[in-house]
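In what follows, a structure is listed as structure tokens, so that the remarks can point back to it.
Numbering (this note's numbering), first residue to last: 64 to 514.
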């Protein structure tokens with residue numbers, strides 16, 4: 064059965080107190096909307112429709128980086144969730160499959176939960192609602208089940224009887240239904256309520272009145288967590304990090320101080336990886352088995368291979384590709400560079416737009432001068448080359464295999480294989496000048512103090 068996703072992302076997010084649309088606030092280094100899209104992607108949707116409203120232009124721009132196949136429709140006036148789904152009708156024209164309605168501010172829905180909802184659809188339910196057992200059901204809509212175990216209706220807390228308020232099975236808002244049926248039901252939703260809005264939850268009563276079967280699939284309450292404020296976003300971040308740390312530990316990694324390690328939504332950590340305190344992983348990081356990331360390292364968009372040792376206090380930026388047994392030490396930054404097996408960059412260096420050969424040794428203070436103010440240029444260092452401390456490599460430039468540079472050199476020309484390059488001013492020794500100079504300076508200082 065073909066699947067379409069409709070993700071509601073039109074809310075103003077007033078409680079966030081931000082110019083940024085709520086669904087674009089980051090969680091684990093990715094917008095909230097990206098998490099909803101990732102969950103839905105597991106259903107292999109043929110169509111993905113995002114209903115935007117507040118900040119629609121920003122949402123559209125962000126989607127280009129998240130899912131360029133997603134289509135944006137705009138809800139000009141925020142008149143409720145039912146009205147929002149109705150805006151997707153033109154984008155669903157001619158679609159003959161099931162629709163899953165998700166929320167852009169609900170990031171923790173699991174793919175297996177959506178699969179369970181689709182299985183319920185295949186089992187004969189015309190409308191499937193995702194519910195959860197709430198520890199404190201207070202403000203949530205209650206799911207009222209019939210004698211046959213099917214869903215009879217959804218009652219909002221403010222409209223519930225004391226008997227209904229005792230129900231702890233609550234509504235998440237996530238729905239799966241046949242596309243044609245969903246759109247017909249949505250078209251019948253009215254706004255005769257205190258808010259004057261069109262509520263998607265009304266489709267259950269409409270469906271039951273028309274003789275359609277409605278069912279509930281349940282999930283853990285934590286999956287349904289919605290984000291409406293900065294405090295809730297912080298709580299969601301804490302929850303994500305706790306799960307990510309637990310998963311890393313369960314998968315065989317060692318975290319010296321787990322509570323201080325920050326993971327991104329897509330961080331991949333292999334077995335027997337050791338991670339020190341206060342390590343930050345941005346998007347797009349893979350660390351292979353047996354690597355070590357020491358304390359206070361900052362990694363994003365990079366690949367660290369087996370046996371590599373990073374840090375402490377190292378920064379790996381996007382495009383850093385570190386092969387097996389590489390050493391990157393303290394206060395080293397690597398960006399858009401391939402570092403071959405066994406190469407060492409141990410101290411106080413910047414390596415950008417470069418290729419470092421197998422077994423090369425990069426001395427302390429080495430800099431690849433890759434930017435001329437307009438364009439970036441590449442530096443190539445051959446296998447087993449030895450780069451002396453405080454060498455400036457002015458790109459584009461190549462240092463050959465088994466070559467050396469003298470400490471303090473400014474290398475502006477290619478260095479042949481096995482050659483030694485020294486590019487610095489000659490040293491001049493002035494006999495006795497140090498004593499005469501210091502005597503003169505002290506005299507000047509004494510005179511100024513008297514004045």
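We put the beta carbon where it would ideally sit given N, CA and C, even for glycine.
All figures in this text were calculated on a predicted structure; none of them were measured in a lab.
Contact check, residue i vs residue j, beta carbons under 9 angstroms
i           : j           : result
residue 172 : residue 276 : no
residue 246 : residue 142 : no
residue 218 : residue 201 : no
residue 455 : residue 474 : yes
residue 371 : residue 396 : no
residue 404 : residue 368 : yes
residue 375 : residue 360 : yes
residue 266 : residue 167 : no
residue 358 : residue 340 : yes
residue 100 : residue 133 : yes
residue 233 : residue 286 : no
residue 453 : residue 415 : no
residue 426 : residue 451 : yes
residue 170 : residue 67  : no
residue 113 : residue 148 : no
residue 433 : residue 458 : yes
residue 443 : residue 460 : yes
residue 80  : residue 117 : no
residue 190 : residue 214 : yes
residue 72  : residue 122 : yes
residue 380 : residue 398 : yes
residue 174 : residue 106 : yes
residue 128 : residue 111 : no
residue 331 : residue 355 : no
residue 192 : residue 250 : no
residue 20  : residue 401 : Since the displayed the chain opens at 64 and closes at 514, residue 20 lies outside it and no answer follows.
residue 194 : residue 280 : yes
Simplified DSSP state of residue i, which is helix, strand or coil
i           : result
residue 65  : coil
residue 467 : strand
residue 176 : helix
residue 153 : helix
residue 202 : coil
residue 502 : helix
residue 491 : coil
residue 169 : coil
residue 389 : coil
residue 120 : helix
residue 145 : helix
residue 379 : strand
residue 362 : strand
residue 477 : coil
residue 77  : helix
residue 211 : coil
residue 107 : coil
residue 161 : strand
residue 461 : strand
residue 185 : helix
residue 427 : coil
residue 371 : coil
residue 509 : helix
residue 72  : strand
residue 455 : strand
Residue i at chain B interface by Cβ criterion, 9 angstroms
i           : result
residue 439 : Absent from the structure: chain B. Only one protein chain is present.
Boundaries (first-last residue) of the beta strand (DSSP E) holding residue i
i           : result
residue 110 : 110-115
residue 334 : Unbroken run through residue 334: none, as it is neither H nor E.
residue 409 : 407-410
residue 35  : Residue numbering for the chain in the displayed model covers 64 to 514; residue 35 lies beyond these limits and cannot be assessed.
residue 434 : Where residue 434 is concerned, there is no enclosing beta strand (DSSP E), given that its DSSP letter is neither H nor E.
residue 485 : It is not in any beta strand (DSSP E) - residue 485 carries neither H nor E in the DSSP assignment.
residue 443 : 442-444
residue 134 : 134-137
residue 131 : Premise fails: residue 131 is in no beta strand (DSSP E) and is neither H nor E.
residue 416 : 413-419
residue 351 : Unbroken run through residue 351: none, as it is neither H nor E.
residue 347 : Here residue 347 belongs to no beta strand (DSSP E), and DSSP marks it neither H nor E.
residue 194 : 190-196
Endpoints, the alpha helix (DSSP H) within which residue i is located
i           : result
residue 88  : First-last for residue 88: undefined, no H or E at that position.
residue 103 : 95-104
Legend entry - beta strand (DSSP E) segments (min. 3 residues) lying fully within the segment 217-262: 232-241
Inset, instruction - For the segment 307-325 and the segment 259-275, state whether three or more C-beta atom pairs, one from each stretch, are separated by less than 8 angstroms. - result: no
Inset, instruction - Would you mind listing the beta strand (DSSP E) stretches within the segment 264-329 that are 3+ residues and don't spill past its ends, in chain order? - result: 277-282
Legend entry - Cβ pair count under 8 angstroms reaching 3, the segment 163-170 against the segment 231-249: yes
Inset, instruction - State whether the segment 73-93 contacts the segment 173-185, with contact taken as three or more CB pairs (one from each stretch) at a distance under 8 angstroms. - result: no
Legend entry - Cβ contact check for the segment 459-467 and the segment 442-451: 3 or more pairs under 8 angstroms: yes
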